[in-house]
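Student: With the numbering used here applied, the sequence shown closes on residue 81, and no number is skipped along the way.
Ideal placement from N, C-alpha and C gives every residue a C-beta, glycine not left out.
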Amino acid sequence: MTTTSTADDRAKLLQALAGSPCHNCEDGVLVRQSYKGNRSIVCDECGLPQIQLLAMPRVE
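1) When DSSP labels each residue in this structure, what does R31 get in the three-state scheme?
2) Do you know how far the Cα of K57 is from the Cα of S41?
3) Between V52, A39, I62 and H44, which lies nearest to L75 when the distance is taken from Cα to Cα?
4) Short check: CB of A39 to CB of R60, under 7 angstroms?
5) Does the Cβ of C67 have 16 or more other Cβ atoms within 10 Å, making it buried, or fewer, making it exposed?
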């Protein structure tokens, strides 16, 4: 089974995670930020990315 996400799905995922506490440090909060050129959720304290949305090549 192949699942295809839409831009709206990806935006909702980032929005849902932003503002959550970081699970890797005590003081961090997750924020939307670019990480290595990808749309990501990153801890504002420790800088660890929690999720990265990678650009997928188009299949024709």
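Tutor: With the given structure in hand:
1) Position 10 of the sequence shown, counting from 1, holds the residue named residue 31. DSSP places R31 in helix when its eight states are reduced to three.
2) To locate residue 41, count along the sequence shown from 1; it is residue 20. To locate residue 57, count along the sequence shown from 1; it is residue 36. Roughly 21 angstroms between the two C-alpha positions.
3) The count along the sequence shown starts at 1 and reaches residue 75 at position 54. Measuring C-alpha to C-alpha distances from L75 to each of V52, A39, I62 and H44 identifies I62 as the nearest.
4) Locating residue 39 in the sequence shown gives position 18, counting from the first residue. Locating residue 60 in the sequence shown gives position 39, counting from the first residue. No.
5) Here residue 67 refers to the residue found at position 46 of the sequence shown. Exposed, by the Cβ-count rule.
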